[in-house]
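Report on the following structure.
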Amino acid sequence: MINKVVRDIAQAMAGVTSGASIMIGGFGNAGIPAALIRTLSDNDLDNLTLIINAIRRVDECEPVLFAEQRVSHVISTSFRGPDALPSNFERQWIEGRVSLEIQPQGTFAERIRAGGAGIAAFYTPTAVGTPLVEGRELREFDGETCVLETALTADVALLRAQKADRFGNLFFQGTQANFGAAMATAAALTIVEVEEISDEPLPPEQVHLPGIYVQRVVQVSR
Amino acid sequence: MINKVVRDIAQAMAGVTSGASIMIGGFGNAGIPAALIRTLSDNDLDNLTLIINAIRRVDECEPVLFAEQRVSHVISTSFRGPDALPSNFERQWIEGRVSLEIQPQGTFAERIRAGGAGIAAFYTPTAVGTPLVEGRELREFDGETCVLETALTADVALLRAQKADRFGNLFFQGTQANFGAAMATAAALTIVEVEEISDEPLPPEQVHLPGIYVQRVVQVSR
Amino acid sequence: MTAPLSREQMAWRAAQDLADGSYVNLGLGMPVLAANYAPGEREIFYHSENGILGVGPIPEPGYEDPELVDAGSRMVTLRQGAAVFDSAASFAMIRGGHLDITILGAYQVAANGDVANWDPLTPNKGPLIGGAMDLAKGAKAVHIIMRHNTKDGGARLVTACTYPLTAPGKVNRVYTDLAVLDVDAGRFIAREIIPGLSRDELEARTDGPLIFADDCCDLIAPELSP
Amino acid sequence: MTAPLSREQMAWRAAQDLADGSYVNLGLGMPVLAANYAPGEREIFYHSENGILGVGPIPEPGYEDPELVDAGSRMVTLRQGAAVFDSAASFAMIRGGHLDITILGAYQVAANGDVANWDPLTPNKGPLIGGAMDLAKGAKAVHIIMRHNTKDGGARLVTACTYPLTAPGKVNRVYTDLAVLDVDAGRFIAREIIPGLSRDELEARTDGPLIFADDCCDLIAPELSP
């Protein structure tokens, strides 16, 4: 019998170790796995690589994560916080304590999708002609210059969904799917915090992400 | 006001001309736009390129299409019919009257998806080590040899869905989505035959393919 | 001279060019205001790159859903006929050339259509790329809303961008507080100018080839409250 | 000697190796029969490459839906917890390495794990690739069901495939009408043989390095009606 529902967050995060590459879903407040993010500090992890669309969300959820220098590398698309003063993350970046790879959002999403879909690399026209592709491999297709981008995978994906069943099937509310849906496909261990565990299997029309992509589900009330 | 619903099949197929490249959805009987396929002969089109997963479905829907040599090129994944005797299509292929490009189903689907997604080309490990990649461009990523595949687009996509609204939003029943969903994104003109036109806009949870990918919808009863 | 257009008036003017039935992505800041000013009889599907096609109005108090937000992280609603999807699908839609127009803010637009809008070159502040490069590259038309000049009077319509590019050669039209200009064949073509602003002055405030359309007319926007 | 296994018995044997909780794609022909024989207490999600994860049983008469079919174009149902998606998503799942096992039919399997199953090399008949290359390449484990020999007694377990390959070096296990064999390190390793068939005879009917597992035992399947 399949049961991907785990008892608590500690069980959900078991086996996530220092040095792990961790994808984190979320856009704005939608789909941010805030409870799971907070556990990264509790568990005394360090040397982490975080792959997340807006890195400042991590600072907002768990500022101590950067304050304690638990993160060594970041892949992201949005960097600046709205505040005049730099965030914890920005300070560490300025001081050279964390390295940063910054990408267009669509390229970021597509690299993750490729990672989950067994596509090793792809050519995209986005960012060609900008400083982001300096020194990168370019190639023309049908008169359009494109840049080669490789797939992005990770050890762990953390996401948030509204509802799950014991098969790991996920139902996303509103715009919760965002980056998390692709991240779940690209990580070896996908951990999902949900508002609600459905006792009944989700009906097919409610399955936005099939359980094959999910290893653990934990209920977390906000 | 947006209204993508057209009166009849003639209006739906207006502007599809000889020499067109035409993607056709369907897998088994699910999602086969049989009424639209039949129109290809009625409209006296020729020199067509057909892009379809199982070419023999066309032979089953409209054998006259090959009998009258209206098709000059086929891109497909499944070729043989179940019968001992060759189909109309097979006879033309044997006689060298129609050219054939045959691909693994996943590569076929991914090339179409790339065509709709603005990805010019991608590297896939599928078919490496088989005769299909002879003479093709190979490249190693992380120790895995991959073959370069380019995006596939078309002038026209023909598909079938259960339900549509005036915005062109589609609801697929069962496994109707199959190749048609990606084809709709990869064609300049997407024409959909549907069982039912919904007077009300489809609710978001029923929109399997957003209307942005659909130009014309026509109701066809089987 | 009429006062330069306000933020709302620039957004209003940009909104008048959104056709009935079009699919439109509005960037953060002034662009997103345009949704308030499109003529009401037009059906427009606003795309939000975090996964909405058919963004509706801001919800009434008490009806907000924190899990339904737009690309500016504002809680929104869905219009009738809307669809929701994940980010990979959303950027496939953008990059695949399916959106009719994106309206973006910018630091600079060059006469060859280059646009720069992501790196403010502020010391100790990192870049904010987001989805702008995908939008500028992927949309069928790129419209820009920005003030005609910097705070210290420098040009933003330039011969060549000095800020890092978002996309080369993609801008079709610019809405500023002084004028509406098309970008074509290496020139800015003024289509509308605020009443009382001389062509000489517009030229002085523009750094790059500028010509005036034969039918160049007054740029007049209604009074709008912020 | 016990009679060679029937089609159903080969499928039954293959089904016994499908673990509880596994995600499995069954190819056309004998493989798809395996779904009938997996031990009932195991929860197995059968994937169909046209867009189902969680194929259920064939529907009762009167409950067929012609728009819900499996990769063999048979009308099917959905099991509880099933999901439905389009072909691009389905092959992303396959190619991305998410399926635990695919069971395929084949013309030939080589001792190095190569498999050939798509081109019968029949004159005047075209190829039928379908999804086999994606499945053979993408699944975590590739199991093959096929008769041990051709109709005229030729070997199908071979040193090197003479038919065009479906995928190189991917086969983990082969179920034939005579034996169950693992494919490892360039050899066939017999794990089970039908009672009464001598090792010499199995070797004679196999063209390729063949060894016998220390615990090689009898291959016994229940009587099954076609």
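Residue numbers (the numbering used here), protein chains in the order written: chain A, 259 to 480; chain B, 259 to 480; chain C, 367 to 592; chain D, 367 to 592.
Quick reminder that beta carbons are idealized off the backbone N, C-alpha and C, glycines included.
Bear in mind the structure is a predicted one, so any value in this text is a computation, not a measurement.
Is it buried or exposed for G283 (chain A), if we count other Cβ within 10 angstroms and need 16 for buried?
buried
Output the distance between the C-alpha atoms of R565 (chain D) and G438 (chain B), rounded to the nearest integer angstrom.
Approximately 52 Å, taken between the alpha carbons.
Name, going along the chain, the residues of the segment 376 to 390 of chain A whose beta-carbon falls closer than 7 Å to a beta-carbon of chain B.
G376, I377, A378, A379, F380, Y381, T382, P383
Across the segment 534 to 553 of chain C and the segment 475 to 487 of chain C, are there enough close Cβ pairs to call them in contact, namely three or more that are closer than 8 Å?
yes
In chain order, what residues of the segment 314 to 327 of chain B put their CB closer than 8 Å to some CB of chain A?
none
If we count the other Cβ atoms within 10 Å of its Cβ and call it buried at 16 or more, is S336 (chain B) buried or exposed?
Classification of S336 (chain B): buried, given that the 10 Å Cβ count is 16 or more.
Which residues of chain C have a Cβ atom closer than 7 Å to the Cβ of T297 (chain A), listed in chain order?
Ordered by position in chain C, no residue passes the 7 Å Cβ test against T297 (chain A), which lies about 21 Å from the chain.
Grab the span of the alpha helix (DSSP H) containing L323 (chain A) for me, first residue to last.
Note, L323 (chain A): alpha helix (DSSP H), 322 to 325.
With 16 other CB atoms within 10 Å as the buried threshold, where does A579 (chain C) fall?
exposed
Got a sec? Which residues, its chain only, sit under 8 Å from T365 (chain B) by beta carbon, not counting five neighbours each side?
T382, T384, A385, E407
Under 8 Å by Cβ, that's how I've got G497 (chain C) and E567 (chain C) pegged, so tell me the actual separation to the nearest angstrom.
That belief does not hold up - the Cβ atoms of G497 (chain C) and E567 (chain C) are roughly 36 Å apart, past 8 Å.
If contact is defined by three or more beta carbon pairs under 8 Å, each pair taking one atom from either stretch, is the segment 451 to 461 of chain A in contact with the segment 394 to 402 of chain B?
The segment 394 to 402 of chain B is not in contact with the segment 451 to 461 of chain A.
Based on the DSSP secondary-structure assignment, which residues constitute the bridge partners of Y389 (chain D)?
Bridge partners of Y389 (chain D): D:F411.
By the 9 Å beta-carbon criterion, what residues does the segment 432 to 453 of chain A contribute toward chain E?
Protein chains A, B, C and D are contained in the structure displayed, whereas chain E is not.
Counting only beta-carbon separations shorter than 8 Å, does T408 (chain B) have a partner in chain A?
yes
DSSP three-state label for N483 (chain D), please.
coil
What number of angstroms, rounded off, separates the C-alpha of Y467 (chain D) from the C-alpha of I449 (chain A)?
Tyr is not the amino acid found at residue 467 (chain D); the sequence shown has Ile there. Looking at the two C-alpha atoms, the distance is approximately 23 Å.
Given that a residue counts as buried once 16 or more other Cβ atoms are within 10 Å of its Cβ, and exposed if not, what is R315 (chain B)?
buried
Roughly how far, in whole angstroms, is the beta-carbon of T525 (chain C) from the beta-carbon of D573 (chain C), given that I think they are within contact range, below 8 Å?
6 Å
Between which two residues does the alpha helix (DSSP H) harbouring V316 (chain A) extend?
314 to 319
Decide if P468 (chain A) is buried, meaning its Cβ has at least 16 other Cβ atoms within 10 Å, or exposed.
Label assigned to P468 (chain A): buried.
How is the beta strand (DSSP E) around A379 (chain B) delimited, first residue to last?
379 to 382
One question on the structure: do V390 (chain D) and L465 (chain D) come within less than 8 Å of each other, judged by their Cβ atoms?
yes
Could you pull out every residue in the same chain whose Cβ sits closer than 7 Å to the Cβ of V398 (chain C), ignoring the five residues on either side in sequence?
L392, G438
Smallest Cα separation from I559 (chain C): which of C:P575, C:E569, C:L576, C:C583?
C:C583
Below 8 Å on C-beta distance, what does E409 (chain D) contact in chain A?
M259, I260
Report the residue from D:D431, D:F411, D:G471 whose alpha carbon sits nearest the alpha carbon of A377 (chain D).
Looking at the Cα atoms, D:G471 is the closest of the given residues.
Mapping DSSP to helix, strand and coil, what is E454 (chain B)?
strand
For the segment 334 to 362 of chain A, enumerate the residues whose C-beta is nearer than 8 Å to any C-beta of chain C, in chain order.
T335, S336, F337, R338, P344, E348, W351, I352, L358, I360, Q361, P362
Check whether chain B comes within 8 Å of F399 (chain A), counting only Cβ atoms and requiring the distance to be less than that.
Chain B, which has a Cβ nearer than 8 Å to the Cβ of F399 (chain A), makes this yes.
Closest to S357 (chain B) by CA distance: which of B:T443, B:Q473, B:A367, B:F324 is it?
B:F324
Where does A498 (chain D) sit, in a helix, a strand or coil, going by DSSP?
It is helical.
My understanding is that A278 (chain A) touches V414 (chain A), with C-beta atoms under 8 Å, so please give their C-beta distance in whole angstroms.
5 Å
For D300 (chain A), return the contacting residues in chain D, with the cut-off set at a CB-CB distance below 9 Å.
In chain order: nothing, as chain D lies at least about 30 Å away.
D386 (chain C) versus chain B: which residues are under 9 Å apart at the beta carbon?
M259, I260
How would you list, in chain order, the residues of chain B whose beta-carbon sits under 9 Å from the beta-carbon of Q375 (chain C)?
None at all; the shortest Cβ gap to chain B is about 27 Å.
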